[in-house]
Ligand code: SF4
Ligand code: FES
């Protein structure tokens, strides 16, 4: 199988694409294939990974124009697993010259974040949103357990599964055009805390989610729901925030 991979020796933007041939074996993931290339063909190829099991969220990249986790995407199934991404989205519609889309898997860095090198992007803006919105729970000031009924827990089940991979951020046309937008994951997390029965002062999470750089900017395009590998469906949370 052929992989066409975006390169950026100077950082900041894609400078060219390199073509590599990898040996296909049963269950080979895109991350395995990239390792094959780095180990045997080009040690200068840069990418990020950690768990190799769809838990850490660090191997997010654009695979055949769809934001996906490289460790969770099998090479053999890429061409058959299309995701209907909604436009407008320049990074997804830009087709590099020479790409044979029937026979080559295209690998590019996650859109909407600055490129550091090759497939490694700078996640600062993604994490800064969590900091700015103070998306964490303050300790209650006592060691008493904070009990929660199964029904109360069910309200946040979907949202606690977020692995902070930023696939939603990379798929969002609003993040593409408005750098001030905090993005889908931050808003889903804000909604998660707003819905958590154990938390004091829950309203502060709703207030920060409804700030001008938050939910009001979302156009409910829902690419975030299509690409999320954990079923968080941030767009659903954002719709609820808008309705509150
Ligand atoms: S909401 Fe989904 S796509 Fe977005 S960071 Fe969390 S796990 Fe990744
Ligand atoms: S390497 Fe951890 S999610 Fe892919």
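In the numbering used here, the protein residues as written are 844 to 1087.
Glycine included, every Cβ here is placed at the ideal spot set by N, Cα and C.
Item: State yes or no: is the beta carbon of residue 959 nearer than 8 Å to at least one beta carbon in chain D?; Value: Checking the listed chains, one finds no chain D in this structure; it contains a single protein chain.
Item: Which residues have their C-beta within less than 7 Å of a heavy atom of the ligand FES, listed in chain order?; Value: 874, 892, 893, 894, 895, 896, 897, 898, 899, 900, 901, 902, 912, 913, 914, 915, 1006, 1008
Item: Ordered along the chain, which non-local residues of its own chain (more than five positions away) have a Cβ less than 6 Å from that of residue 1068?; Value: 1076, 1078
Item: Just to confirm, does residue 1070 get its C-beta within under 7 Å of one of the non-hydrogen atoms of the ligand SF4?; Value: yes
Item: Sorry if obvious, but does the Cβ on residue 1077 come closer than 7 Å to a heavy atom of the ligand SF4?; Value: yes
Item: CB-CB under 7 Å to residue 1005, same chain, minus the five flanking residues each way: which ones, in chain order?; Value: 1028, 1031, 1032, 1073, 1075
Item: Which residue comes first and which comes last in the alpha helix (DSSP H) that contains residue 994?; Value: 993 to 997
Item: If you draw a straight line from the alpha carbon of residue 992 to that of residue 869, how long is it in whole angstroms?; Value: 44 Å
Item: Just verifying my parser: in three-state terms, what is the DSSP assignment at residue 886?; Value: coil
Item: Return the residue from the list 966, 1058, 859 that minimises the CA-CA distance to residue 888.; Value: 859
Item: Would residue 953 and residue 903 be called neighbours here (beta carbons separated by less than 8 Å)?; Value: yes
Item: Using only the alpha-carbon positions, how far apart do residue 895 and residue 945 sit?; Value: 27 Å
Item: Candidates 979, 955, 1050, 983: which alpha carbon is nearest residue 1020's?; Value: 955
Item: Taking just the CA atoms, how far does residue 1014 sit from residue 927?; Value: 11 Å
Item: Residue 1065: which of 907, 1010, 985 sits nearest, CA to CA?; Value: 1010
Item: I'd like to know if the region 979 to 987 and the region 1034 to 1048 are in contact, where contact means that at least 3 CB-CB pairs between them fall below 8 Å.; Value: yes
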